[in-house]
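Residue numbers (the numbering used here), protein chains in the order written: chain A, 401 to 652; chain B, 401 to 652. Just so you know, even glycine gets a beta-carbon here, dropped at the ideal spot from N, CA and C. Values in this document were obtained by computation on a predicted structure and should not be read as measured data. The structure appears below as structure tokens.
Shown next as structure tokens:
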């Protein structure tokens, strides 16, 4: 069976606070793992500042290249939240008040708390489909293949879980991971030979030092279970050839 | 005094394991904070897979745009470590055995442990300046304005500390951060007015929910201390106008 063309995605992390080191991003790791299970491959992420032209250009570059684009950050009630306006502009649109989003916000806040700043979160590009926010109500939105999500990981993750069934992936990539105390500098040539025998598999080598114990974890990734297991078996054999035994062997 | 032109940098995080969610990157946050102190602004980061053409293109795009480019990942002894070859190709060069790097590796390993895979780490672009690795000896390198570093955070960080004095920054950006329980949806309009009065300052608003307490942290960033403090004072006044008191007020 010929493998189907991979369905790819890109993530745009928007926020000065990530680039200044103030905040450590957590959305990339979450999204990469979740998409993988759905058969969508996250193949690129860009971290960019809250600058209109940069957001517009980045969204336009990536939405033309990938099946899905996700943005995180910049959709709150303050002046530095410009993602919705930037995504609108990327599509040649202007923001307008979205009645459904406004109703959600008015339903959530006491009348005296419905501030102009909060209502700004209901200004969306025309044609945007709302993405439900089960935590703090202010919705995200989807415009064509661009999903616009908040930066706060807890909210972003809760929202993703509500719409992820809509995403149409290809074959999920399966993986095996084999860990031992054989260092990658010893395994290198054997691993390279195994890679040559399974040219379509993605074989990675990740050294570690943990609790005083050094070694490497070898990961095989491929959509076909038999291929993953066959390559993983060869890696285990190579480890045993160094008189060692894998102490972790996780298979798909 | 007219502000000097900002000195900018970009980071390229290379590795399938980051995009698949297997590993959470820690180098972006470290580098963003460290560069900031040196007056270098990290204005872009890209996370890309271990794919030759992608690395070459990304490095070439970014090195033409920024004073400094840093790459992390992909410089180990295994077949999936292709960063050195990709950076060489980005400069139109081919890898060759670097005598100084080879001597370092031969000095570190017992003769029987000097495997071909490990010696691969001494294959560098001609003209590369070695970057000392105080942890595991295998050096990184600099080629013109491109700094090639390992992905393991502990090693990357130790190496960075040894060469960071070479980097020539502009004015460091100073910051104040004011935290209170006034939600950003209430502060929004006031904050926007303050931003308008300090158009060159970067004023950010970061909501949080922590230990059952909700609120927002407002951050002012600018190279001039008086500007930072004046804007921060106005933010404190705005918070007090809501009958609240900042419970954290960190100044430069």
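Residues of its chain near residue i, where Cβ-Cβ distance is below 8 Å and the 5 sequence neighbours each way are ignored
| i | result |
| --- | --- |
| residue 591(A) | 584, 603, 605, 618, 635, 638 |
| residue 554(B) | 535 |
| residue 452(B) | 482, 485, 486, 489 |
| residue 594(B) | 603, 631, 634, 635, 638 |
| residue 433(A) | none |
| residue 641(A) | 590 |
| residue 531(A) | 539, 540, 541, 542, 547, 548, 549, 559, 562, 563 |
Residues near residue i by beta carbon distance below 7 Å, same chain, minus five either side
| i | result |
| --- | --- |
| residue 414(B) | 448, 450, 455, 471, 472, 473, 474, 483 |
| residue 481(A) | 474, 475 |
| residue 401(B) | No answer about residue 401(B) holds up, because its pLDDT of 44 lies below 50 and its placement is not dependable. |
| residue 492(A) | none |
| residue 504(B) | 537, 539 |
| residue 406(A) | 441, 570 |
| residue 647(B) | 579, 580 |
| residue 543(B) | 487, 491, 525, 527, 528 |
| residue 416(A) | 449, 450 |
| residue 625(A) | 574, 652 |
| residue 615(B) | 579, 580, 581, 582, 583, 608 |
| residue 650(A) | 576, 577 |
| residue 613(A) | 581 |
Cut-off 6 Å between Cβ atoms - residues of its own chain near residue i, not counting five sequence neighbours on either side
| i | result |
| --- | --- |
| residue 498(A) | 522, 524 |
| residue 468(A) | 409, 545 |
| residue 517(A) | 477 |
| residue 557(A) | 430 |
| residue 458(B) | 412, 446, 448 |
| residue 425(B) | 413, 418 |
Those residues which DSSP pairs with residue i across a bridge
| i | result |
| --- | --- |
| residue 541(B) | 530(B), 548(B) |
| residue 580(B) | 616(B) |
| residue 575(A) | 621(A) |
| residue 470(B) | 411(B), 547(B) |
| residue 523(A) | 497(A) |
Host beta strand (DSSP E) of residue i (start-end)
| i | result |
| --- | --- |
| residue 409(A) | 407-414 |
| residue 647(A) | Careful: residue 647(A) lies outside any beta strand (DSSP E) and carries neither H nor E. |
| residue 444(B) | 440-448 |
N-terminal and C-terminal residue of the alpha helix (DSSP H) that residue i is part of
| i | result |
| --- | --- |
| residue 431(B) | 427-437 |
| residue 555(A) | 553-563 |
| residue 463(A) | 452-463 |
Tell me which residues of the stretch 587-605 of chain B have at least one Cβ-Cβ distance to chain A shorter than 8 Å, keeping chain order. 587, 588, 589, 591, 592, 595, 602, 603, 604, 605
Enumerate, from N- to C-terminal direction, the unbroken beta strand (DSSP E) stretches of 3 or more residues contained entirely within the stretch 582-644 of chain B. 602-610, 613-622
To test your reading of the DSSP string, which unbroken alpha helix (DSSP H) runs of 4 or more residues are found completely within the stretch 484-520 of chain B? 499-508, 516-519
With 7 Å as the C-beta to C-beta threshold (strictly closer), list the residues of the stretch 436-451 of chain A near chain B in chain order. 436, 442, 443, 444, 445, 446, 447, 448, 449
Mind checking the stretch 415-435 of chain B against chain A and listing, in chain order, the residues whose C-beta falls within less than 9 Å of any C-beta there? 415, 416, 417, 418, 419, 420, 421, 422, 423, 424, 425, 426, 428, 429, 430, 431, 432, 433, 434, 435
Of all the residues that make up the stretch 573-586 of chain B, which are near chain A by a beta-carbon distance shorter than 9 Å? 573, 575, 577, 583, 584, 585, 586
Positions along the stretch 472-493 of chain B whose CB lies within less than 9 Å of some CB in chain A: 476, 477, 478, 479, 480, 481
Residues, ordered as in the chain, of the stretch 489-519 of chain A that lie near chain B by beta-carbon distance below 7 Å: 515, 516, 517, 518
Could you run through the stretch 619-640 of chain A and flag, in chain order, every residue whose CB is less than 9 Å away from some CB of chain B? 619, 621
Could you name the residues of the stretch 607-618 of chain A whose beta carbon sits closer than 7 Å to any beta carbon of chain C, in the order they occur along the chain? No chain C appears in the structure shown, which is made up of the protein chains A and B.
In chain order, what residues of the stretch 532-553 of chain A put their CB closer than 8 Å to some CB of chain B? 552
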